[in-house]
Amino acid sequence: EEGRLDLAFLETSDVEGRDMLKWMPLFDDYGCFAVSREHPLAGRKQVSPEEIADQTVYFNLRNSASMQNIFRKLLQSGIAAERLVCVEGTETAVAQALAYGGLAAVPRTFKTGENSRIVYVDNASPVVHLDFCLAWRGDNETEPLRRFARSCETYAWPRREAGGRTSVVS
Numbered sequence: 139e140e141g142r143l144d145l146a147f148l149e150t151s152d153v154e155g156r157d158m159l160k161w162m163p164l165f166d167d168y169g170c171f172a173v174s175r176e177h178p179l180a181g182r183k184q185v186s187p188e189e190i191a192d193q194t195v196y197f198n199l200r201n202s203a204s205m206q207n208i209f210r211k212l213l214q215s216g217i218a219a220e221r222l223v224c225v226e227g228t229e230t231a232v233a234q235a236l237a238y239g240g241l242a243a244v245p246r247t248f249k250t251g252e253n254s255r256i257v258y259v260d261n262a263s264p265v266v267h268l269d270f271c272l273a274w275r276g277d278n279e280t281e282p283l284r285r286f287a288r289s290c291e292t293y294a295w296p297r298r299e300a301g302g303r304t305s306v307v308s
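Going by the numbering used here, the first residue of the sequence shown is number 139, and it counts up by one from there.
In structure tokens, the structure reads:
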């Protein structure tokens with residue numbers, strides 16, 4: 139909105155209702171947890187909120203609508219508020235989970251390549267869902283920006299299917 143960026147990838151809730159911005163939907167995402175390879179849940183494909191009721195979940199709470207939305211959805215999924223520890227930044231959440239044996243809540247698209255210390259376990263709750271978009275100021279729509287947006291439209295982004303699963307469609 140301040141004109142410091144030509145465009146941004148954002149969670150849709152960050153741009154809805156902002157008349158100055160134009161945006162186009164791109165992809166859907168769900169939550170997962172980064173855990174230490176030594177964590178008892180590390181070998182699991184996914185976990186439900188009931189299965190992690192006794193776990194500390196570290197969470198990146200930045201001042202944005204999307205992060206507040208994720209926090210709200212984690213609560214709605216059944217994770218108790220006293221189990222959510224808010225920290226500044228995704229890297230900090232992962233570091234806290236590794237250091238103290240908890241879980242770091244992250245979007246699935248934040249998964250990095252598996253390494254010697256971290257594995258990812260999907261959140262079985264479809265409640266923790268995010269919609270991402272490409273956004274830009276309507277009064278700053280240049281030809282290069284339009285070309286980039288068109289290329290994003292043709293890219294094979296993950297899309298939500300019935301039942302909360304994700305597939306890739308172009």
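Quick reminder that beta carbons are idealized off the backbone N, C-alpha and C, glycines included.
CB residue i to CB residue j, shorter than 8 Å?
| i | j | result |
| --- | --- | --- |
| Y196 | N261 | no |
| M158 | R246 | no |
| V173 | V257 | yes |
| S263 | S186 | yes |
| V259 | Q206 | no |
| F248 | T228 | yes |
| A243 | L268 | no |
| A191 | A218 | yes |
| E176 | R200 | no |
Label residue i either buried or exposed according to how many other C-beta atoms from any shown protein chain fall within 10 Å of its C-beta, with 16 as the threshold for buried.
| i | result |
| --- | --- |
| N198 | buried |
| S305 | For S305, the predicted structure reports a pLDDT of 41, less than 50, and the residue's modelled location is therefore unreliable. The matter cannot be settled from this model. |
| S289 | exposed |
| C271 | buried |
| C224 | exposed |
| R255 | exposed |
| L164 | buried |
| A231 | buried |
| G240 | buried |
| R284 | exposed |
| A273 | buried |
| A294 | exposed |
| L148 | buried |
Going by C-alpha distance, which of the options is nearest residue i?
| i | options | result |
| --- | --- | --- |
| Q234 | K183, P163 and Q193 | Q193 |
| T250 | E140, C170 and A237 | C170 |
| E139 | E279, E189 and A237 | E279 |
| E188 | R221, D166 and G216 | G216 |
| G141 | R200, E176, D277 and E291 | D277 |
| V265 | T292, N253 and D166 | D166 |
What residue range is occupied by the uninterrupted beta strand (DSSP E) comprising residue i?
| i | result |
| --- | --- |
| S151 | Neither: S151 is in no beta strand (DSSP E) and is coded neither H nor E. |
| M311 | Because the chain in this structure spans residues 139 to 308, residue 311 falls outside the shown range and cannot be described. |
3 or more residues per run - each beta strand (DSSP E) lying fully within the stretch 184-227: 195-198 and 222-225
Alpha helix (DSSP H) segments (min. 4 residues) lying fully within the stretch 228-304: 228-238 and 281-292
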